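Residue numbers (the working numbering): 2 to 196.
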């Protein structure tokens, strides 16, 4: 899995790259909401009810098709399904978080932009965890119980979360370097395009 730092920076990159032109409309509180949404799928680590166990089974057609052109591996052994780490889980979780906020605080013309930002941030969580590829994930649950993972990690793994684990600090440092560079690039590009 990626760290809270990596997920938060991804949320800020999405916010910076897609915020409305007017600074008054691109508020800081919404950036904070996006940071919360970025790590919200990890709630399944705290709530065991969101981690049902899938029995051993061969990959279904959807997972087989995805893995055949992506080169990922499908888990056939019994495994834990992390419900909030699926596309359906992310959409439901994002809806639960943003619906009351949109209704209470956001002007109607901005609903579409803010909803798209929130969904993109939620899906970025799945993408980052997939790129780390530490745990096979059933992205297509409930359509498919098959968990898939990349054969190699694109981003470094955190390892054991412990203050004495140097691997964790290395992974966070790499995330900071990569995502802050992207954030600066997006900020620079937007500042050049918006005169």
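Glycine included, every Cβ here is placed at the ideal spot set by N, Cα and C.
None of these values were measured; they are calculated from a predicted model.
Would you decide whether residue i is buried or exposed? Buried here means 16 or more other CB atoms lie within 10 Å of its CB.
i           : result
residue 1   : Outside the shown range of the chain (2 to 196) lies residue 1, about which nothing can therefore be said.
residue 31  : buried
residue 178 : exposed
residue 4   : buried
residue 115 : buried
residue 155 : exposed
residue 125 : buried
residue 50  : exposed
Which residues in the same chain as residue i place their Cβ atom closer than 7 Å to its Cβ, once the five residues preceding and following it in sequence are excluded?
i           : result
residue 181 : 10
residue 171 : 157
residue 102 : 34
residue 130 : 2, 3, 86 and 138
residue 140 : 87, 88, 127 and 149
What does a CB cutoff of less than 6 Å around residue i pick up in its chain, not counting 5 residues either side in sequence?
i           : result
residue 14  : 183, 184 and 187
residue 145 : 61, 63 and 64
residue 90  : 84
residue 1   : With the chain represented from 2 up to 196, any question about residue 1 goes unanswered, as that position is not in the structure.
residue 175 : 157
residue 76  : 137 and 148
From the DSSP secondary-structure annotation, give me the bridge partner or partners of residue i.
i           : result
residue 81  : 54
residue 150 : 74
residue 138 : 149
For residue i, which residues from the same chain have a beta carbon less than 8 Å from its beta carbon, with the 5 sequence-adjacent residues on both sides left out?
i           : result
residue 79  : 54, 55, 56 and 57
residue 169 : 4, 159, 160, 161, 162 and 163
residue 72  : 151 and 152
residue 17  : 184, 187, 188 and 191
query: Contact between the stretch 108-124 and the stretch 49-68: three or more CB pairs below 8 Å?
result: Three or more Cβ pairs closer than 8 Å define a contact, and the stretch 108-124 falls short of that threshold against the stretch 49-68.
Three or more C-beta pairs below 8 Å linking the stretch 148-157 and the stretch 93-108: no
message: Going residue by residue through the stretch 107-131, where are the continuous beta strand (DSSP E) segments of at least 3 residues, counting only ones entirely within it?
response: none
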